[in-house]
Amino acid sequence: MGTEKQVLTILKETIAPGESKEVNFDVANLHTSTSVNVPVIIERSKKPGPTVLFTAGIHGDEVNGVEIVRQLIAKGINKPKRGTIICIPVINIFGFINLRREFPDGRDLNRVFPGSLKGSLASRVAYKLVNEVIPHVDYIIDFHTGGSGRFNAPQIRIIDGDIELKQLAKIFGAPFVLYSKNLNKSFRNTCYKLNKPLILFEGGKSFHIDNTVTNSGVNGSKRILKHLDMLNPKFKASIPQKECVFIKDSKWVRAKLSGMFKAQIKINSKVQKGDLLGNITDPYGKLNYFVKAQNSGFIINVNESPIVYQGDALFHISTKLNDKS
């Protein structure tokens, strides 16, 4: 994959081996006619090698993913020993500007891939990414966070049965690897159909930056680059403190009552069936409902919202591990 020493032409710009360049992923202006620059930062070594793409901000409110890619750039980790590293810190710049998950047209970018040249704004962004960037890359690491109020433990999501993705996930070294199906019209599914290996990182929650999540994303990226012999020699790839847990299946614990909610268990914890996970109370001191674990497993998501309604997801717990990981 991508090992020939040659000029790279991407988004109508040419980048020679050993060159650094910031190109513009331009799709549309704001409604004020103000132009919107979506920077694509490209760093090439003089030595030939693979091309790795780091992406974040497919959802405009997932700031922690943006922070991870920002740190890769700010620290110079994106300057490869060999090959090429492309960073797109904010794909959905329109949502990022407005602090919204979706595009101004109300569409979720991660549900319109591979996009259309003449479709909606979100669809046009997807089309440009798939047709003008993805053909040039060999590996993709895409950073996401949990939804509003729901904090995800750092985790990699891959489909079951793909040996290469499983190896890359293990090398990345996040605390958990979740087997999950590729969603129709998602970025991940589109890349899979194009035979472009993509590992999806989830960690933290929207509108929030967490140091532990950020460090997990940055350190995992360094491990991947080290594995590909692309990590700049001035950086070291750390060994994960714990071996990652591969989760075959999981389920949500949902609120049986509406009220004020407080979790009593920390993310990443291993719990036993019947353990106390949290409390749902009312403002008047009359209610105190104990939320307990319905099965033994690892806590991989905690709802940090202080107010919940009946049926809201409170905790995500593993139910079946892959012991052959």
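Numbers 708 to 1032, taken from the numbering used here, label the letters of the sequence shown in order. Backbone N, C-alpha and C fix where the C-beta goes; we use that ideal spot for every residue, glycine too.
Same chain, Cβ closer than 6 Å to residue i, five either side skipped, listed in chain order
i            : result
residue 780  : 748, 794
residue 709  : The predicted model places residue 709 with a pLDDT of 46, which falls under 50 and marks its position as unreliable; any figure quoted below should be read in that light. If we look at residue 709 and ignore the five residues flanking it on each side, its Cβ neighbours are 757, 758, 845.
residue 773  : 763, 764, 796, 797
residue 982  : 1000
residue 902  : none
residue 1029 : 953, 955
residue 727  : 750
residue 818  : 892
The beta strand (DSSP E) enclosing residue i, as first and last residue numbers
i            : result
residue 727  : 727-731
residue 829  : Premise fails: residue 829 lies in the alpha helix (DSSP H), 828-839, not in any beta strand (DSSP E).
residue 966  : 966-970
residue 946  : Unbroken run through residue 946: none, as it is neither H nor E.
residue 982  : Run containing residue 982: none; DSSP gives neither H nor E here.
residue 958  : 952-961
residue 1005 : 1004-1010
residue 1000 : Careful: residue 1000 lies outside any beta strand (DSSP E) and carries neither H nor E.
residue 846  : 846-853
residue 1022 : 1020-1028
Assumed close pair residue i, residue j - CB separation to whole angstroms, cut-off 8 Å
i           : j           : result
residue 984 : residue 999 : 6 Å
residue 820 : residue 837 : 6 Å
residue 808 : residue 822 : About 18 Å; that fails the 8 Å criterion.
residue 969 : residue 986 : 5 Å
residue 872 : residue 904 : 6 Å
residue 911 : residue 859 : 6 Å
residue 732 : residue 835 : 7 Å
Same chain, Cβ closer than 8 Å to residue i, five either side skipped, listed in chain order
i            : result
residue 929  : 784, 938, 942, 943, 944, 945
residue 979  : 1000, 1003
residue 1021 : 959, 960, 961, 962, 968, 970, 984, 985, 998, 1009, 1010, 1015
residue 717  : 730, 747, 749, 793, 839, 840, 843
residue 806  : 767, 768, 914
residue 745  : 731, 732, 733, 734, 795, 797, 798, 800
residue 711  : Its pLDDT being 49, under 50, residue 711 is placed unreliably by the model, and the measurement read from it follows with that caveat. Cβ neighbours of residue 711 beyond the five flanking positions: 755.
residue 714  : 721, 722, 723, 724
Residues near residue i by beta carbon distance below 7 Å, same chain, minus five either side
i            : result
residue 1019 : 961, 962, 1010
residue 786  : 750, 939
residue 799  : 764, 765, 766, 767, 810, 816
residue 753  : 724, 725
residue 931  : 848, 875, 878, 879
residue 771  : 852, 910, 911, 915, 916, 917, 920, 921
residue 1025 : 954, 957, 1004, 1005, 1007
residue 888  : 866
Boundaries of the alpha helix (DSSP H) in which residue i is found, first to last residue
i           : result
residue 822 : Where residue 822 is concerned, there is no enclosing alpha helix (DSSP H), given that its DSSP letter is neither H nor E.
residue 803 : 800-805
Does the stretch 943-957 come into contact with the stretch 872-882, if we say contact requires no fewer than three beta-carbon pairs (one atom in each stretch) closer than 8 Å? yes
Does the contact criterion of 3 or more C-beta pairs under 8 Å hold for the stretch 954-963 versus the stretch 890-907? These segments do not touch.
Threshold first: 3 residues or longer. Then list the beta strand (DSSP E) segments lying entirely within the stretch 855-936, N to C. 857-865, 883-886, 905-912
What are the start and end residues of each continuous alpha helix (DSSP H) run of 4 or more residues lying completely inside the stretch 712-794, in chain order? 770-781
Touching by the beta-carbon criterion (3+ pairs, under 8 Å), the stretch 856-870 and the stretch 824-832: no
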